[in-house]
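Asks:
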Amino acid sequence: MLIYLNKIGGTEPGTLQNVNILNHYVGMKPIEPDSIPELTYFPFIVIGLSVLGVILALVNKRNLFLAFGILLIVLAGLGVYDFYLWEYDYGHNLDPHAPIKFPGASFQPPLIGKKDIINFTAISLPATGIYFYGAAIVASFVSWWFSKKKA
Amino acid sequence: MKSTLNFLSRGLWAVVLVGLFLGACNNQGSNNQKAGMLSSDVASQVYVPPGQHDEFYAFMSGGFSGQIGVHGLPSGRLLRIIPVFSVDAEKGYGFNEETKALLNTSHGFVPWDDSHHPELSQTNGETDGRWIFINGNNTPRLARIDLTTFETAEIIEIPNSGGNHSSPFTTENTEYVVAGTRFGVPFPQQDVPISSYAENFKGTLTFVKVEENGAMDIAFQVLLPAFDYDLAHSGKGKSHGWTFFTTYNTEEQSTLLEVKASQNDKDYIAAVNWKKAEEYIASGNFEEMETQYMRNYYDEKKHMAFSETKTKVKILTPENCPGLVYFLPTPKSPHGVDVDPTGEYIVGNGKLSSDLTVHSFTKMMTAIENGSFEDEVAGVPVLKFDEVVGGVVKDAGLGPLHTEFDDKGNAYTSFFITSEVVKWKVGTWEVLDKASTFYSVGHIMIPGGDSKSPEGKYLVALNKITKDRYLPTGPELCHSAQLYDISGDKMKLLMDFPTQGEPHYAQGISAGRVKPNVKKFYPLEENEHPFRAMGEKDARVEREGNNVHVYMTTIRSHFAPDNIEGVKVGDNVYFHVTNLEQDWDVPHGFSVMGANNAELLIMPGQTETLLWKPTKVGVYPFYCTDFCSALHQEMQGYIRISPAGANVDLAWGLGESAP
């Protein structure tokens, strides 16, 4: 399954449906992109950050570079926490009438890395978008550092 | 150290002795185990480790099963049976409403046929893995199977034919597949005395055009005397543009053929210049004849087959079309006619002879140019035998039937009477090797062995007689195929494996030419079936008079709806089942108690329809027949049948919405 900023896709068109079919046996809620508001407003946040970044580059005030870097980190932290909350909800908030029950079991996938869940191995890895985001953070700190030296 | 070696060598001797003892025990009455016992590495040559794939696909005709068996080589494992000309209850083929039309003919619904010769489509003379064609011998038909789905995509009926045996045998770019009649029939079909055979009966050679998208239609028929047109192969390379058909019964007899049709010392190979035929068609030099035949095709988006009736066919007559057909005299009722990879040599397998007559295409063209004719039969010039023979393979065996080729200039011929495959050199006609078969080999197959580029690694012998090769299973036995390693100078028997039906010819192809294009499921969003249900929201039941249409869906592990009421005795219930799954290998089955047809087996994204006519009041279960999931056994439902005229409202549902 591939989670984009604005949609949930997969290596095949049926990936999400296949995940939901398997999940329903243990009572996990179906993952329905329409019921995840983040997929709608996250893109605007990122667009906003990009625009802000360009503006700050033009304004060229070194303290603003630092502030922007910190803002990026805070927002990333919030994003990851939000992702964790969703994962927690899917993994723990199970239908009590599920056909297959594992008392006390959680089906929460790993935030990052690998985890064995019953007979599945769940692997969660960041992709391209995250690397660009990371590069933006690095760039803002690098800009701050070098503009400081100049001054 | 020395004692260890001694012990080891003694141990080895013991193994050898035990081996010989076992060999002797197994030999009872036949020495056929020897080839296997002598080569210790044989098992590893056919061993495909668990989870790994075979190197080749082998498509075995089903013969009287009417189907195609798909095996892997070298393991011989059966991978699939493709239903073609015969109904197949297991898959619902010919039983569900969608596939019935594939089996329509001008004689009505014909649920069985006799399929002999699979033929892979070709591009530039090489197998390309797009389609495989196969003939229906009994009610003359020709089928095209799509190798992205391994399903029958089209079946066309051949008019003016009495048995479609010399078929399909493609031209080198699949411009045409051919269909020559095995039995002469009155032309046109009519009520005449059988004894008027020579006067009223004719034989036709049909050329079926294959479009880029695979669609087939009859381009023209060549009208010839009522010989039996036995087998065919098209030219390649220099002989591209010609197709060769063997004949027997040039005596034109209609009774006791085993004697009466074996009198002429030579019959003919008919050489048809189809490029010339195209010119005659283009110039309007043909007769259009009223007839009737059906073309049935499967629409992969609508998931159903459609039939259309065709009423005209173009007839070319040799008298009016000089240069269209020539007869090459060929000894002893030739069976197979096989063209070598260069296109130069045309092998006539004279089945009542010990020799193989090989014609030379170059000599044939020279003879035609020089007008070296010894006779003319029904407007067809008969070329002088001595002027066209390129060579003779002498005393190779008895009863040659078929020849295939490898990529090193060798030919391999099956000999039915002496149960052997004989390897010989093309050009020198020298016999190089012989290998026994068990028993009475018919066709043989080398992957690409009738194309321009054979892959001469394995040879499969398709045997007609099984006898004691396997554990006995009563009077009726599976037919037996045998796999030979032909990569070396000597042919080496690797193993036996059973096949379904009665394989005649087979085709083989490198897995890599097929595998990348194979579909895993049908995209649901492309489903255009008129009775599809694209999700559980679409699941419903509708009544139109006595017809009840159930728009049903399947997804692991339930039907929607799974409770249905308000259906009455005397209704026609159409279960239109759409499989909502979108993953590989998740078919669902559907069966309902008392159904007079079969089950449905619905692939992901597909819609199939079962017609059920309830005859008794009651509540009847239906269930999923394909073990789909951990809760497969729970995938079940009920349909309530009330008396005719009862006042029970139509209702349906699933879970909370159940009536």
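Same order as they appear, the protein sequences are chains A and B.
Here the first sequence stands for residues 280 to 430, numbered as in this note's numbering.
Here the second sequence stands for residues -13 to 645, numbered as in this note's numbering.
Even glycine gets a Cβ: it sits at the ideal position worked out from N, Cα and C.
Short of 7 Å in beta carbon distance, which residues of its chain neighbour residue 614/B, apart from the five on each side in sequence? Order them along the chain.
Replies: Taking the first residue of the second sequence as position 1, residue 614/B is located at position 628. Answer for residue 614/B: 542, 543, 572, 574, 621, listed in chain order.
Asks: Measuring only between beta-carbons, confirm whether residue 292/A sits less than 8 Å from chain B.
Replies: The count along the first sequence starts at 1 and reaches residue 292/A at position 13. It does: the Cβ of residue 292/A has a partner Cβ on chain B nearer than 8 Å.
Asks: Quick one: Cα of residue 539/B to Cα of residue 564/B, how far?
Replies: Locating residue 539/B in the second sequence gives position 553, counting from the first residue. Locating residue 564/B in the second sequence gives position 578, counting from the first residue. Approximately 5 Å, taken between the alpha carbons.
Asks: Does the segment 113 to 133 of chain B come within contact of the segment 65 to 82 of chain B, defined as at least 3 CB pairs closer than 8 Å?
Replies: Touching, yes, given that three or more Cβ pairs across the two stretches are closer than 8 Å.
Asks: Quick check on the burial criterion: 16 or more other C-beta atoms within 10 angstroms. Buried or exposed for residue 502/B?
Replies: Stepping through the second sequence from its first residue, residue 502/B is reached at position 516. Exposed.
Asks: Indicate whether the contact test is met: 3 or more Cβ pairs, each with one atom in the segment 257 to 277 of chain B and one in the segment 220 to 235 of chain B, closer than 8 Å.
Replies: The segment 257 to 277 of chain B is in contact with the segment 220 to 235 of chain B.
Asks: Could you spell out the range, first to last residue, of the alpha helix (DSSP H) harbouring residue 341/A?
Replies: Residue 341/A sits at position 62 when you count from the first residue of the first sequence. First-last of the alpha helix (DSSP H) with residue 341/A: 341 to 371.
Asks: Which of helix, strand or coil does DSSP assign to residue 675/B?
Replies: The question about residue 675/B has no answer here: the residues shown for chain B are numbered -13 through 645.
Asks: Along the chain, which unbroken stretches of the beta strand (DSSP E) at least 3 residues long are found entirely within the segment 567 to 632 of chain B?
Replies: Listed in chain order, the complete beta strand (DSSP E) runs (minimum 3 residues) inside the segment 567 to 632 of chain B are 574 to 578, 586 to 588, 593 to 598, 604 to 609, 622 to 628.
Asks: By the three-class DSSP mapping on this structure, what secondary structure does residue 647/B have?
Replies: Nothing about residue 647/B can be read from this structure; chain B reaches only from -13 to 645.
Asks: Taking DSSP as the reference, what is the three-state secondary structure of residue 134/B?
Replies: On the second sequence, residue 134/B is found 148 positions in, with the first residue counted as 1. Looking at residue 134/B - three-state DSSP - the assignment turns out to be coil, as it is neither helix nor strand.
Asks: Under DSSP, the alpha helix (DSSP H) around residue 376/A begins and ends at which residues?
Replies: Counting from one through the first sequence, the residue named residue 376/A turns up at place 97. Run containing residue 376/A: none; DSSP gives neither H nor E here.
Asks: Got a sec, what are the start and stop residues for the beta strand (DSSP E) residue 528/B sits in?
Replies: Taking the first residue of the second sequence as position 1, residue 528/B is located at position 542. That run of the beta strand (DSSP E) goes 526 to 530.
Asks: Under the three-state reduction of DSSP, which class applies to residue 29/B: helix, strand or coil?
Replies: Here residue 29/B refers to the residue found at position 43 when the second sequence is read from its first residue. Correct three-state label for residue 29/B: helix.
Asks: Could you tell me whether the segment 29 to 37 of chain B touches the segment 94 to 112 of chain B, where touching means 3 or more Cβ pairs closer than 8 Å?
Replies: The answer is no - the segment 94 to 112 of chain B does not touch the segment 29 to 37 of chain B, with fewer than three Cβ pairs under 8 Å.
Asks: Given residue 391/B, which residues of its chain have a CB within under 6 Å of its CB, disregarding the five upstream and five downstream residues?
Replies: Indexing the second sequence from 1 puts residue 391/B at position 405. Same-chain partners within the cutoff: 326, 327, 397, 435, 440.
Asks: Residues of chain A with CB closer than 7 Å to the CB of residue 525/B, please, in chain order.
Replies: For the purposes of this step, residue 525/B is taken as the residue at position 539 of the second sequence. The premise fails here: residue 525/B is roughly 16 Å from chain A at the closest Cβ pair, so nothing lies under 7 Å.
Asks: Jot down the residue ranges of each uninterrupted alpha helix (DSSP H) in the segment 157 to 200 of chain B, minimum 4 residues, whole runs only, in chain order.
Replies: Correct list: 183 to 186.
Asks: Figure out for me which residue from 281/A, 283/A, 340/A, 296/A has the closest Cα to the Cα of residue 521/B.
Replies: Counted from its first residue, the second sequence places residue 521/B at position 535. The shortest C-alpha separation from residue 521/B is found at 296/A.
Asks: Using a cut-off of 9 Å between C-beta atoms, extract the partners of residue 542/B located in chain A.
Replies: Position 556 of the second sequence holds residue 542/B. Neighbours of residue 542/B on chain A, chain order: 300, 301, 303, 304.
Asks: Is the CB of residue 75/B under 8 Å away from at least one CB in chain A?
Replies: As a position in the second sequence, residue 75/B is number 89, starting the count at 1. No, its Cβ sits nowhere closer than 8 Å to a Cβ of chain A.
Asks: Could you pull out every unbroken beta strand (DSSP E) segment of at least 3 residues lying fully inside the segment 35 to 90 of chain B, listed in chain order?
Replies: The segment 35 to 90 of chain B contains these whole beta strand (DSSP E) runs: 42 to 47, 54 to 59, 64 to 68.
Asks: Does the distance from the C-beta atom of residue 332/B to that of residue 313/B stay below 8 Å?
Replies: Taking the second sequence and counting its residues from 1, one reaches residue 332/B at position 346. Taking the second sequence and counting its residues from 1, one reaches residue 313/B at position 327. It is not a contact, given that the beta carbons lie outside the stated cut-off.
Asks: If you draw a straight line from the alpha carbon of residue 388/A to that of residue 119/B, how long is it in whole angstroms?
Replies: Counted from its first residue, the first sequence places residue 388/A at position 109. Counted from its first residue, the second sequence places residue 119/B at position 133. For residue 388/A and residue 119/B, the distance between alpha carbons rounds to 50 Å.
Asks: Can you find at least 3 beta carbon pairs, one from the segment 140 to 147 of chain B and one from the segment 156 to 171 of chain B, that sit closer than 8 Å?
Replies: Yes, they touch.
Asks: Mind listing the chain A neighbours of residue 569/B? Cutoff is C-beta to C-beta under 7 Å, in chain order.
Replies: Your numbering for residue 569/B matches position 583 in the second sequence. The answer, in chain order, is 293, 297.
Asks: Put residue 245/B into one of helix, strand or coil per three-state DSSP.
Replies: Position 259 of the second sequence, counted from the start, is the residue given in the question as residue 245/B. Here residue 245/B sits in helix by DSSP.
Asks: Quick one: which residues of the segment 361 to 389 of chain A get their C-beta closer than 9 Å to a C-beta of chain B? List them in chain order.
Replies: Here the close residues are 378, 379.
Asks: Confirm, please, whether the CB-CB distance from residue 160/B to residue 437/B is below 8 Å.
Replies: The residue you call residue 437/B lines up with position 451 of the second sequence. The residue you call residue 160/B lines up with position 174 of the second sequence. No, the Cβ-Cβ distance between residue 437/B and residue 160/B is not below 8 Å.
Asks: Nearest by alpha-carbon distance to residue 99/B: which of 50/B, 240/B, 90/B is it?
Replies: Along the second sequence, read from residue 1 onward, the residue named residue 99/B stands at position 113. Out of 50/B, 240/B, 90/B, 50/B has the C-alpha closest to the C-alpha of residue 99/B.
Asks: Going by DSSP, what residue range makes up the beta strand (DSSP E) through residue 399/A?
Replies: The sequence position of residue 399/A within the first sequence is 120, counting from 1. Residue 399/A -> beta strand (DSSP E) spans 399 to 403.
Asks: Using DSSP with H/G/I as helix, E/B as strand and the rest coil, what is residue 503/B?
Replies: The residue given as residue 503/B occupies position 517 in the second sequence. Three-state DSSP puts residue 503/B in a helix.
Asks: Quick check: residue 623/B and residue 549/B, are their CB atoms within less than 8 Å of each other?
Replies: Within the second sequence, numbered from 1, the residue matching residue 623/B stands at position 637. Within the second sequence, numbered from 1, the residue matching residue 549/B stands at position 563. Yes. Within cutoff.
Asks: Please confirm if the segment 216 to 226 of chain B is in contact with the segment 274 to 291 of chain B, defined as three or more CB-CB distances below 8 Å between the two stretches.
Replies: Output reads no: the segment 274 to 291 of chain B does not touch the segment 216 to 226 of chain B.
Asks: In three-state DSSP terms, what is residue 320/A?
Replies: On the first sequence, residue 320/A is found 41 positions in, with the first residue counted as 1. In the structure shown, residue 320/A sits in a helix (DSSP, three-state: H, G or I).
Asks: So what does residue 209/B bridge to, in DSSP terms?
Replies: Your numbering for residue 209/B matches position 223 in the second sequence. Looking at the DSSP assignment, residue 209/B forms a beta bridge with 190/B.
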